[in-house]
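Under the working numbering, think of the first position of the sequence shown as 8, with each following residue one higher. Worksheet: the structure to be examined is printed underneath.
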Amino acid sequence: MLKNIDTHYAGEDLEKLNHDLVALKVEIVVPMKMQNETKGLILLGKRVNTQSYGNSDIEFIYSIGSLAIISLENKRLFREALEKQKLEEELELAKDIQQNLLPKEIPQMPSFEIAATSISSKQVGGDYYDIIKKDDEKYFVAIGDVSGKGVPAALLMANLQAFLKSICTQNVSIDDATGTINDLVSENTSDGKFITFFWGIIDNAAKTLSYVNAGHNPPLLIRNGEIIYLDKGGIILGVMKTFMPYISETVQLESGDLIILFTDGVTEAKSPEDEEFTDEKLEAEVKDVAGLCSNEILEKIKHSVYDHANGAFQSDDITIIVIKVL
């Protein structure tokens with residue numbers, strides 16, 4: 008029977024293996040090991056001088072085999088490192104492209120003060136916000152959250168941005184436009200992907216907000232210490248074609264009003280003890296800081312979320328828009 012076979016074979020399987028190796032005129036089988044794990048085998052036939060293999064011969068072959076498998080393993084690891092580096096570079100490029108899809112600067116309006124931020128949990132993410140000029144007095148404000156994370160979510164987010172940019176140039180009511188966006192997103196989603204979405208039209212002259220909420224976390228309108236939830240709308244985007252019209256609502260705003268738009272990465276941010284930040288904590292926070300300017304309010308919310316997380320891994324994208332009525 009052949010010696011030095013390092014294998015899990017037993018019984019009839021081992022006998023068959025030995026039979027096959029004998030048929031191939033294999034004299035010895037030497038394992039190629041690395042960290043006590045067999046990575047390959049060296050099969051040798053008779054020596055040219057017909058002499059038997061001695062223990063010193065087998066030890067030499069074993070040493071050569073170990074060196075060879077280490078070299079092959081290093082080559083594999085090096086190739087994987089190069090592929091990972093290439094992927095990292097591509098993701099960095101994707102991150103730059105995605106950041107360029109977000110507003111480069113926040114427009115200034117006499118009656119409104121706006122601050123916004125979006126922080127991805129990965130290099131690219133599925134959160135989206137935008138502020139798009141309609142005319143000299145009106146602006147579209149939008150926020151969305153694509154299900155999932157990473158590249159697939161980022162690609163769907165880019166689709167949404169393209170649809171929104173296109174629809175904003177058309178003279179269509181915001182409720183009908185939401186139905187059109189949903190139909191377009193539904194044609195481009197699969198495997199249960201969807202988008203929660205909220206958008207509205209801010210009228211600087213009339214101090215109004217006309218909005219539609221497509222299954223998104225209801226933005227908070229804080230007025231005199233009370234909270235109004237902006238929840239009128241319809242189903243989330245991408246689940247199915249529009250079968251019921253979306254409902255829009257127009258809110259008359261007052262000086263001092265504060266509107267907070269956010270994604271669930273804010274309220275679901277977790278502490279090291281796995282406790283969520285929660286809607287209640289966000290609502291209490293914005294009530295306390297409602298008298299500050301929009302940028303200060305944004306920073307207060309961010310720091311509260313970070314303090315709550317206390318270094319815990321950010322599991323979801325975080326996006327916040329703060330609108331203060333002047």
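Even for Gly, the Cβ is constructed at its ideal location relative to N, Cα and C. Computed from a predicted model, the values in this text were never measured in an experiment.
**Request:** Pick helix, strand or coil for L48, following the three-state DSSP scheme.
**Result:** DSSP places L48 within a strand segment (E or B) once states are collapsed to three.
**Asked** Mapping DSSP to helix, strand and coil, what is V37?
**Response** strand
**Item:** Beta-carbon proximity of T185 to G222, cut-off 8 Å
**Value:** In this structure, G222 does not lie closer than 8 Å to T185 by Cβ.
**Message:** What does the alpha-carbon distance come out to for the pair E334 and F147?
**Reply:** Residue coverage of the chain in this structure runs from 8 to 333, which leaves residue 334 outside it and unanswerable.
**Request:** Throw me the rounded Cβ distance for the D143 and Q168 pair, which I believe falls under 8 Å.
**Result:** The pair is not a contact, with the Cβ atoms about 23 Å apart (cut-off 8 Å).
**Item:** Alpha-carbon spacing of I181 relative to G207, whole angstroms
**Value:** When rounded, the separation of the alpha-carbon atoms in I181 and G207 is 7 Å.
**Asked** Under a Cβ-count criterion, where at least 16 other Cβ atoms within 10 Å of its own Cβ denotes burial, should M164 be classed as buried or exposed?
**Response** buried
**Request:** Could you tell me which of H26, S70 and N211 sits nearest to K40, measuring between CA atoms?
**Result:** Selected option, being the one with the closest Cα: S70.
**Prompt:** Can you give the beta carbon distance from L268 to I150, rounded, assuming they're within the 8 Å contact cut?
**Reply:** 5 Å
**Contacting residues, own chain, Cβ-Cβ under 7 Å from R230 (five flanking each side not counted)** = E261 and D264
**Asked** Under three-state DSSP, which class holds N11?
**Response** The predicted position of N11 is uncertain, since its pLDDT is 48 and thus under 50; a value taken from the coordinates is nonetheless stated next. Correct three-state label for N11: coil.
**Span of the alpha helix (DSSP H) around G207** = Taken as a continuous stretch (DSSP letters only), G207 belongs to no alpha helix (DSSP H), being part of the beta strand (DSSP E) at I202 to D210.
**Prompt:** Thinking C-beta only, is F204 closer than 8 Å to K237?
**Reply:** Correcting the residue type first, residue 237 is Leu in the shown sequence and not Lys. Taking 8 Å as the Cβ cut-off, L237 and F204 do not qualify as a contacting pair.
**Message:** If you reduce the DSSP assignment to three classes, tell me which class E256 lands in.
**Reply:** strand
**Item:** For D210 and G272, believed in contact at Cβ under 8 Å, the rounded distance
**Value:** Taking the Cβ atoms as the reference, G272 lies roughly 29 Å from D210, outside the contact range of under 8 Å.
**Request:** Quick one: residues in its chain with C-beta nearer than 7 Å to the C-beta of T285, no 5 flanking neighbours on either side, listed in chain order?
**Result:** T274
**Request:** Keeping to the same chain, check which residues put their C-beta closer than 6 Å to that of V219; ignore five residues upstream and five downstream.
**Result:** Only I181, D182, T185, G240, Y253 and S255 meet the Cβ criterion.
**Request:** With DSSP as the reference, label K141 as helix, strand or coil.
**Result:** Reduced to three states, the DSSP call for K141 is coil.
**Message:** Measuring only the C-alpha atoms, how far is Y135 from S125?
**Reply:** 8 Å
**Request:** Report the rounded CA-to-CA distance for N11 versus I65, giving the unit in angstroms.
**Result:** Residue confidence is low: N11 scores 48 on pLDDT, short of 50, so the model does not pin down where it sits. No coordinate-derived value is stated.
**Beta-carbon proximity check, S193 vs K156, cutoff 8 Å** = no
**6 Å Cβ shell around T196 - same chain, five flanking residues per side excluded** = G245
**Message:** The alpha helix (DSSP H) that contains S262, what's its start and end?
**Reply:** Note, S262: premise wrong, no alpha helix (DSSP H); not H, not E.
**Item:** CB-CB length for T270 against D152, believed under 8 Å
**Value:** 4 Å
**Message:** Just to confirm before moving on: does the CB-CB distance between V33 and I68 stay below 8 Å?
**Reply:** no
**Prompt:** Going by DSSP, which residues form a beta bridge with L228?
**Reply:** According to DSSP, which records beta bridges pairwise, L228 is partnered with I235 and I266.
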